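I have placed the structure first, in the form of structure tokens, so that the comments after it can refer back to it.
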Amino acid sequence: MGPADLPEHELARTRSFTRRGGRMPQRHRRAFAEHGSTYVLDVPRQGVGTTVVPGSTLDLPSVFGRVAPVVVEIGSGSGDAIVYAAQQSPERDFVALEVWRPGLAQTIAQAVHAGVRNVRLVEADAAQALPELFGPESISELWTFFPDPWPKSKHHKRRLVTPEFADKVSKVLAPQGVWRLATDWADYAWQMRDVIEGCPGLLNPYAGRLAWPGDEDRDPEGGRGGFAPRFDGRVETRFETKGLQVDRFVRDVEARRA
């Protein structure tokens, strides 16, 4: 399917990701083939891409066989954070939204190796799928760690964290629900903070605290901070390691349902 074959709504939507394929080792192919039906949720789609049919709300109690707090991770990558969290918190259920199929395969392999069953994966564009898959006030925590920074100014419109997306998040978070974010790109961290503080449905519990070097370059009134302490449940991934190796600060941002 090429661009000419895509529906009009597919062409019009600006995506926050580039769809990546990539070669998979045989062990990951085998994990996908043998365990994909257990871990990967088959959701209704429009066409063959990552767009979910509107109104395809997940029946999470049926999916997991219980009623429990739900944590959703956007861009779960190879599954390091979500599989670790599922091991540490068996009383909670976890759903990963990811468009990188090799990453989904690696997550399945990790989950099988760890023996965790409270994880499910969805191959979907989170910006479009989040409010379709999850009903109002259904998510206790949402994680967005190291989303694609789209560093060039002309590509900033592709960034996931926007006022429009924040409004969607505020609706699916449960009362007292938390949205946790992290990035090693300074201007994206400031954007995340500003988006959260500008969203009527969200609160920044760390507003005005933990100013970082360089913040004063963005804010005329000086470094006003607004960043959270590092979330203990966020394991260090290769994305964070790469950023630290080139001396970039990693900033955590936290939003709570207003």
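In UniProt numbering, the protein residues as written are 1 to 258. Backbone N, C-alpha and C define an ideal beta-carbon position, used for all residues, glycine too. Computed from a predicted structure; not experimentally measured.
Sequence-distant residues of its chain with Cβ nearer than 6 Å to residue i (five each side left out)
i	result
residue 136	171
residue 203	256, 258
residue 192	161, 181, 253
residue 126	74, 97
Where residue i sits in the DSSP three-state scheme
i	result
residue 134	coil
residue 45	strand
residue 150	coil
residue 183	strand
residue 104	helix
residue 93	strand
residue 230	coil
residue 203	strand
residue 120	strand
residue 195	helix
residue 178	strand
residue 73	strand
residue 240	helix
Contact set for residue i: own chain, Cβ-Cβ below 7 Å, skip 5 residues either direction
i	result
residue 175	137, 257
residue 45	51, 52, 53
residue 56	43, 44, 132, 133
residue 196	166, 202, 204, 253, 255
Residue i vs residue j beta-carbon contact at 8 Å
i	j	result
residue 240	residue 250	yes
residue 234	residue 145	yes
residue 93	residue 60	yes
residue 164	residue 40	no
residue 108	residue 36	yes
residue 77	residue 237	yes
residue 118	residue 32	no
residue 87	residue 114	yes
residue 98	residue 75	yes
residue 70	residue 85	no
residue 279	residue 110	An answer regarding residue 279 cannot be provided, because it is not within the stretch 1 to 258 covered by the chain.
residue 206	residue 228	yes
residue 260	residue 130	The first residue shown for the chain is 1 and the last is 258, placing residue 260 beyond what the model contains.
Host beta strand (DSSP E) of residue i (start-end)
i	result
residue 65	Unbroken run through residue 65: none, as it is neither H nor E.
residue 80	From DSSP, residue 80 is part of no beta strand (DSSP E) but of the alpha helix (DSSP H) over 80–88.
residue 257	251–257
residue 50	From DSSP, residue 50 is part of no beta strand (DSSP E); its letter is neither H nor E.
residue 140	139–145
CB-CB length for residue i against residue j, believed under 8 Å
i	j	result
residue 121	residue 52	With 8 Å as the limit, residue 121 and residue 52 do not qualify as a contact, their Cβ atoms being about 14 Å apart.
residue 96	residue 73	5 Å
residue 210	residue 225	5 Å
residue 102	residue 28	7 Å
Host alpha helix (DSSP H) of residue i (start-end)
i	result
residue 169	163–172
residue 32	26–39
Neighbourhood of residue i by C-beta distance below 8 Å, restricted to the same chain and skipping five residues each side
i	result
residue 159	16, 147, 148, 149, 150, 188, 191
residue 178	140, 141, 142, 254, 255, 256, 257
residue 244	184, 250
residue 66	93
residue 208	224, 225, 226
Contact test: residue i Cβ vs the ligand GTP heavy atom, cutoff 7 Å
i	result
residue 29	By its list of ligands, the structure shown contains no ligand whatsoever, and the ligand GTP lies outside what it can speak to.
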